[in-house]
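Undergrad: Residue numbers (the numbering used here), protein chains in the order written: chain A, 4 to 118; chain B, 209 to 319.
For every residue, glycine included, the Cβ atom is placed at its ideal position computed from N, Cα and C.
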């Protein structure tokens, strides 16, 4: 079974530039999550989708971050404009979205460096 | 807040046993996960606990006490490849199915 795919794996940009990340979840997984992981910290949820609807985006800095999940499969996360503090690994995870032990499976992440 | 607390670093030697503790606030608790994360890689799922007691999976076991807001991950017969960060993550009712992660415990295994 293919895992969660993400691209690009690495991205270096200058502050105030824009960047977009792509995620393809595990086939059949209804729920998709974007997490931000700053060095030395645990992942922090940015946004959660159930199919193509947003479940929770309370921690997404909406003045600069946006995300969409068209057709309930792939998702993109965009930052515009980027700030130095956005340097982090952006992890995409997916889960079936049902059952008590609804386990999240993570992609390899995109490491963003903002200069 | 929904703080998840775990030690920052631990060291151990090959063949030993190590216990990584995690504490969390009990209000709204709805399940606890442990993930392993090697440097530069994605977190991988290790275990899930929602009821009190011990769950064993080969060399790894996870324990939960709901009333105490406490869990531990027990790693036996340590190997060098076990050197990694171990993340404790809790699902709270208020957060739907999303997880709140601790900062992770970096385990270094030496020979």
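1) Looking at C-alpha atoms only, which residue of 32(A), 21(A), 63(A) is the closest neighbour of residue 5(A)?
2) In whole angstroms, give me the CA-to-CA distance for residue 311(B) and residue 21(A).
3) Three-state secondary structure (DSSP) at residue 81(A)?
4) Would you mind giving the Cβ-Cβ distance between residue 79(A) and residue 23(A), rounded to the nearest angstrom? I have them listed as a contact below 8 Å.
5) Locate the beta strand (DSSP E) running through residue 221(B), then write down its first and last residues.
6) Can you find at least 3 beta carbon pairs, one from the segment 252 to 259 of chain B and one from the segment 83 to 98 of chain A, that sit closer than 8 Å?
7) Assess contact between the segment 217 to 237 of chain B and the segment 56 to 71 of chain A, defined as three or more Cβ pairs (one per stretch) separated by less than 8 Å. Is contact present?
8) Out of 19(A), 8(A), 44(A), which one is the CA nearest neighbour of residue 86(A)?
9) Could you give the distance in angstroms between the alpha-carbon of residue 309(B) and the alpha-carbon of residue 216(B)?
10) Taking a cut of 9 Å between CB atoms, which residues from the segment 238 to 255 of chain B lie near chain A?
11) In angstroms with no decimal places, state the Cα-to-Cα distance between residue 246(B) and residue 41(A).
12) Measure the alpha-carbon distance for residue 103(A) versus residue 294(B) and round it to whole angstroms.
13) Determine the burial state of residue 224(B): buried for a count of at least 16 other Cβ atoms within 10 Å of its Cβ, exposed for fewer.
14) Determine the extent of the beta strand (DSSP E) in which residue 27(A) is found, giving its start and end residues.
TA: According to the structure shown:
1) By 1-based counting over the first chain, the position of residue 5(A) is 2. Measuring from the Cα of residue 5(A), the nearest candidate turns out to be 32(A).
2) By one-based count along the second chain, residue 311(B) stands at place 103. By one-based count along the first chain, residue 21(A) stands at place 18. Each residue's alpha carbon lies about 28 Å from the other.
3) Indexing the first chain from 1 puts residue 81(A) at position 78. If DSSP states are grouped into helix, strand and coil, residue 81(A) belongs with the strands.
4) In the first chain, residue 79(A) corresponds to position 76, counting from 1. In the first chain, residue 23(A) corresponds to position 20, counting from 1. At roughly 6 Å, the Cβ-Cβ gap stays under 8 Å, so residue 79(A) and residue 23(A) are in contact.
5) Stepping through the second chain from its first residue, residue 221(B) is reached at position 13. Taken as a continuous stretch (DSSP letters only), the beta strand (DSSP E) holding residue 221(B) covers 217 to 221.
6) no
7) no
8) Here residue 86(A) corresponds to residue number 83 of the first chain, with the count starting at 1. Out of 19(A), 8(A), 44(A), 19(A) has the C-alpha closest to the C-alpha of residue 86(A).
9) If you number the second chain from 1, residue 309(B) lands on position 101. If you number the second chain from 1, residue 216(B) lands on position 8. When rounded, the distance between both Cα atoms is 13 Å.
10) 238, 239, 241, 243, 245, 248, 249, 250, 251, 252, 253
11) In the second chain, the residue the question calls residue 246(B) occupies position 38. In the first chain, the residue the question calls residue 41(A) occupies position 38. Residue 246(B) and residue 41(A): Cα-Cα distance of roughly 15 Å.
12) Counted from its first residue, the first chain places residue 103(A) at position 100. Counted from its first residue, the second chain places residue 294(B) at position 86. Going from the Cα of residue 103(A) to the Cα of residue 294(B) covers about 22 Å.
13) Here the question's residue 224(B) lines up with position 16 in the second chain. It is exposed - the Cβ of residue 224(B) has fewer than 16 other Cβ atoms within 10 Å.
14) Residue 27(A) sits at position 24 when you count from the first residue of the first chain. Counting along the chain, the beta strand (DSSP E) containing residue 27(A) begins and ends at 22 to 27.
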